[in-house]
Amino acid sequence: MSPIAGMPPGPTQDWVILAHGVGGRQDLPIPFGYALVGAVVALVVSFAALGWLWREPRLTGRAAGRPMPLRLQQALDSAGFRWALRILGLLLVGFVVVAAVFGPDLETNPTATWVYVLFWVGLVPVSILFGPVWRLLNPLRTIHRGIAALLGTPPEQGLLPLPARLGYWPAAVSLFAFTWLELVAPDRTTLPVLRAFFGVYFVVQLMAAVVYGSHWFDRGDGFEAYSTLLGHLSPLGRRFDGRLVFRSPFNSLDTVAQAAGLVATISVMLGSTAYDGFSNSSAWIRFITDSDLATRQAGTLGLLGFILLVLVTYSAATWLAGALGRQGGLESEGRRGLPTAFAHSIIPIAAGYLIAHYFSLLVYEGQRALILASDPLVRGWNLFGTAERGVDFTVVSVTTIAVIQVLAIVIGHVCGVVSAHDRAVRLFPRRQAVAGQLPLLFLMIGYTIGGLLLLFAG
Amino acid sequence: MRSRYRVAVTLATLIALTVGAAACGGDDQASQPATSGPTTPTGPTSTQPNILPAPDETVIEVAVANGRVSPSPDRRVEVAQGNNVRIVVTSDRADEVHVHGYDQEAEIPAGGSATLEFVADQPGSFEVEMHELDPGLLFTLLVR
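Chains A and B, in that order, are what the protein sequence lines are. For the first sequence, position 237 (counting from the first letter as 1) is numbered 225 according to the numbering used here, and the numbering increases by one without interruption. For the second sequence, position 14 (counting from the first letter as 1) is numbered 915 according to the numbering used here, and the numbering increases by one without interruption.
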């Protein structure tokens, strides 16, 4: 950890209020040429896809995939491995809880970096690689399992049945609460704020799980829903017959469970990342400077505004698609379900935004998290031998970061277009299949050019 | 049988965790630039005689009065990597100026000024902020 020059040792109340959760360094704006090339590629691929891609639905979702060797599956599905993961989850979260509860409220306390960087940002690549990992690690599930064992009931069984109409709404609300904490809340890196947020979060989640059973966590715990939705980009999946398979992420995306609140949840994912990028722009800084709003009020409005922008533009595009499909004979019931039916195609775009905005943060501040971990209570310990190290800023170059940012946005866009295409040829009457895709295609192009602009202007 | 397996897996996890955390720290001090690098914080210094800047030095002046920052805080100041940066901040109220990422800080007495001087050895975008002011941004430093 870099010592703050000229800062006296010992506890200080005057915490450095960090603008973006944690981490002082931010990425340079990408060169204009990169943004332009990215936008052109996205445009060309989009319209080429309309002409070239298949005309009959091809994705088979849960039926797809090449089974992994049975022995490997048995090992991965074994109770031992599952418990190892649960214990790992308990240990990791327990470690942070100890630092948060018993450590001093200093910048060298690892809690904030662990929460905002290793956990929140790290969850993205780990889920994209391995699938819905937080389900398997989630200590709340394990604690709830313990409570259920004490009560003598199976964990799945609650006091009340989980109402289907809740869908993903609790996840959308809890993700919004967390992104507000991360991007807007005053003093968000201080221990009292983090303790209060997660204290309330843990208690509410556990109570809901006791009432509704462990299925609550699937779509009630924002972090689990987040990891599960991003996990649909993983090449690993489970087939309808229970076999663990390697399959194309497109088939995985095809299996995203459709339920109420899915569109809202994905809007929070995409909108909050876009707001984080926008909050660095000159336009936003000018707005804040000239307005009479306090930073917190402006930030809340900005975050909500971006989430609503995604929600409204996406809903409008699918409404328009439905109107076009109607001329081809798409029934009203099918039209009503369209926003939810296409929501999965926004997940790769949201993932592209997340990688573009947080890749370098994970690389640099992730190192800091491991350095600070050696001295969780700030007592001069060196538990893992990392305490004396500094963050190595030479691991990736400025150019590499810019290339990864543009690639993430463009690849996310292409995956979104392909996913939406297959869903369109399945849902729309044949004659309307191309026309019906256009609104969503234009929307995705808008999100992608917007994403590139944020990187260029950020 | 099963519980023995569980214990074994737990131990393996613990060992993997410890080894993993120890291995991930990077290498020695040698590869540690930037944050604790060759910086020369000058701390709060009231009015200094105006020395002409060296050719590879960028001087950035900011004034804060009545809660307003001038020039406007939406500006970005570009600096070549490796150059010296000198930031001079004057403020009508006592405050503290902070360069994110470089973690340079200095206190400013009411009606006085503070100078921060450091080598911009790490590329990236860094916010220069005041602690008491809201919104506290003074400007953004772009090191390329």
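The beta carbon of each residue, even a glycine, is placed where N, CA and C say it ideally should be. None of the values given here were measured: they were computed from a predicted structure.
Please report the distance separating the alpha-carbon of V105/A from that of V351/A. As a working mapping, residue 105/A is identified with position 117 in the first sequence. As a working mapping, residue 351/A is identified with position 363 in the first sequence. Answer to the nearest angstrom: the Cα atoms are 9 Å apart.
I want to verify the contact list: residues of chain B whose CB lies under 8 Å from the CB of D15/A, in sequence order. Within the first sequence, residue 15/A is the residue found at index 27, counting from 1. Going along chain B in sequence order, the residues near D15/A (Cβ under 8 Å) are G1025 and S1026.
Starting from D996/B and walking both ways along the beta strand (DSSP E), at which residues does that stretch end? Numbered from its first residue, the second sequence carries residue 996/B at position 95. Segment D996 to V1000, the beta strand (DSSP E) holding D996/B.
Could you compute how far the alpha carbon of R129/A sits from the alpha carbon of T216/A? Residue 129/A sits at position 141 when you count from the first residue of the first sequence. Residue 216/A sits at position 228 when you count from the first residue of the first sequence. So the alpha carbons of these two residues sit roughly 15 Å apart.
Alpha-carbon spacing of E1056/B relative to L16/A, whole angstroms: Past the edges of chain B, shown from 902 to 1045, lies residue 1056/B, and the structure says nothing about it.
Give the secondary structure of T943/B by DSSP, where H, G and I count as helix, E and B as strand, and everything else as coil. Counting from one through the second sequence, the residue named residue 943/B turns up at place 42. Interpretation of T943/B is limited by its pLDDT of 43, a score under 50 that renders its predicted location unreliable; the figure taken from the coordinates is listed afterwards. Note: T943/B maps to coil in three-state DSSP.
Go through its chain and collect everything with a Cβ distance to T167/A's Cβ below 6 Å, but skip five positions before and after it. The residue given as residue 167/A occupies position 179 in the first sequence. These residues qualify, in order along the chain: S260.
Would you mind listing the alpha helix (DSSP H) stretches within the region 138 to 183 of chain A that are 4+ residues and don't spill past its ends, in chain order? 157 to 171
So if I threshold CB-CB distances at 9 Å, which residues from the region 56 to 72 of chain A count as touching chain B? S66, A67, G68, F69, W71 and A72
Can a CB atom of chain B be found closer than 9 Å to the CB of A51/A? Position 63 of the first sequence, counting from 1, holds the residue named residue 51/A. Not an interface residue.
Do we get a CB-CB distance below 9 Å when we pair N268/A with the residues of chain B? In the first sequence, residue 268/A corresponds to position 280, counting from 1. Cβ-Cβ to chain B under 9 Å: yes for N268/A.
Between which two residues does the beta strand (DSSP E) harbouring M56/A extend? Along the first sequence, one-based indexing puts residue 56/A at 68. Unbroken run through M56/A: none, as it is neither H nor E.
Using the Cβ count rule (16 or more neighbours within 10 Å means buried), how would you classify R13/A? Position 25 of the first sequence, counted from the first residue, corresponds to residue 13/A. By the neighbour-count rule (16 or more Cβ atoms within 10 Å), R13/A is buried.
Less than 6 Å between C-beta atoms, sequence neighbours within five positions excluded: which residues of the same chain meet that for G404/A? Within the first sequence, residue 404/A is the residue found at index 416, counting from 1. Here the set comprises S333, P336, I337 and M432.
Through-space distance from E958/B to L429/A, alpha-carbon basis: Taking the first residue of the first sequence as position 1, residue 429/A is located at position 441. Taking the first residue of the second sequence as position 1, residue 958/B is located at position 57. Cα-Cα distance, rounded: 49 Å.
How would you label Q315/A, buried or exposed, when you count the other beta carbons within 10 angstroms and need 16 or more for buried? To locate residue 315/A, count along the first sequence from 1; it is residue 327. Q315/A is exposed by the Cβ-count criterion.
Label V965/B either buried or exposed according to how many other C-beta atoms from any shown protein chain fall within 10 Å of its C-beta, with 16 as the threshold for buried. Numbered from 1 along the second sequence, position 64 holds the residue referred to as residue 965/B. Buried, by the Cβ-count rule.
In chain order, what are the residue ranges of uninterrupted alpha helix (DSSP H) at least 4 long that sit wholly in the region 58 to 119 of chain A? 58 to 65, 67 to 90 and 111 to 118
Which first and last residues belong to the alpha helix (DSSP H) in which N239/A is found? Here residue 239/A is taken as the residue at index 251 of the first sequence, counted from 1. It spans P237 to D242 - the alpha helix (DSSP H) in which N239/A sits, taken as one unbroken run.
L297/A and A248/A: beta carbons closer than 9 Å? Looking up residue 297/A in the first sequence gives position 309. Looking up residue 248/A in the first sequence gives position 260. The answer is no: Cβ separation not under 9 Å.
Which listed residue (L349/A, L171/A and G325/A) has its alpha carbon closest to that of F266/A: Here residue 266/A refers to the residue found at position 278 of the first sequence. Residue L171/A is the option with its Cα nearest to F266/A.
Closer than 9 Å to chain A by CB, D975/B: Position 74 of the second sequence, counted from the start, is the residue given in the question as residue 975/B. Yes, its Cβ sits closer than 9 Å to a Cβ of chain A.
Would you identify the three-state DSSP class for E958/B, choosing helix, strand or coil? Within the second sequence, numbered from 1, the residue matching residue 958/B stands at position 57. Here E958/B sits in strand by DSSP.
I'd like to know if P972/B contacts chain A, where contact means its C-beta is closer than 9 Å to some C-beta of that chain. Here residue 972/B is taken as the residue at index 71 of the second sequence, counted from 1. Answer no: the Cβ-Cβ gap between P972/B and chain A never drops below 9 Å.
Using 8 Å as the threshold, is the region 138 to 147 of chain A in touch with the region 195 to 209 of chain A, meaning 3 or more CB pairs across them? yes
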